[in-house]
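Take a look at the structure set out below.
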Amino acid sequence: MVLIIAAAATVVDETCSFQWVHRYWWHKTVKKKKKKKKKKKEEEEDQQQQQRVEKKHNKKKKKKKKKKKKKKKKKKKKKKKKKKKEKINNNNNKE
């Protein structure tokens, strides 16, 4: 880093050398790092948002599946009860 600043300082006039070198250095390093950091942060936020959405969908799917299972179980129970009733009725009719 110091070599770049020293090399740039020799090329430019003594009056504006520090400002120019500093600006050059700032654009090459600090600004680039800030951009990278910002981009990384945005990517992380997007990923988190996507995970939240997926989690929500999974929760809904799970709930729906559970509801369906419960409904199926209830239906099965009802059918079983109905069969039992019919069996009892048939036995009563035979007697």
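For the record, in the sequence shown the residue sitting at position 43 is 43 according to full-length UniProt numbering, with numbers rising by one throughout.
We treat Cβ as the ideally placed atom computed from N, Cα and C, and that holds for glycine.
Source: prediction; values computed, not measured.
Between the CA atoms of residue j and residue i - distance to the nearest angstrom
i, j, result
"LYS64", "LYS73", "14 Å"
"LYS77", "GLU86", "14 Å"
"LYS32", "LYS56", "36 Å"
"ILE62", "LYS79", "The question names Ile, but residue 62 is Lys in the sequence shown. Going from the Cα of LYS62 to the Cα of LYS79 covers about 25 Å."
"LYS40", "VAL30", "15 Å"
"ASN92", "GLU54", "57 Å"
"LYS38", "TRP20", "25 Å"
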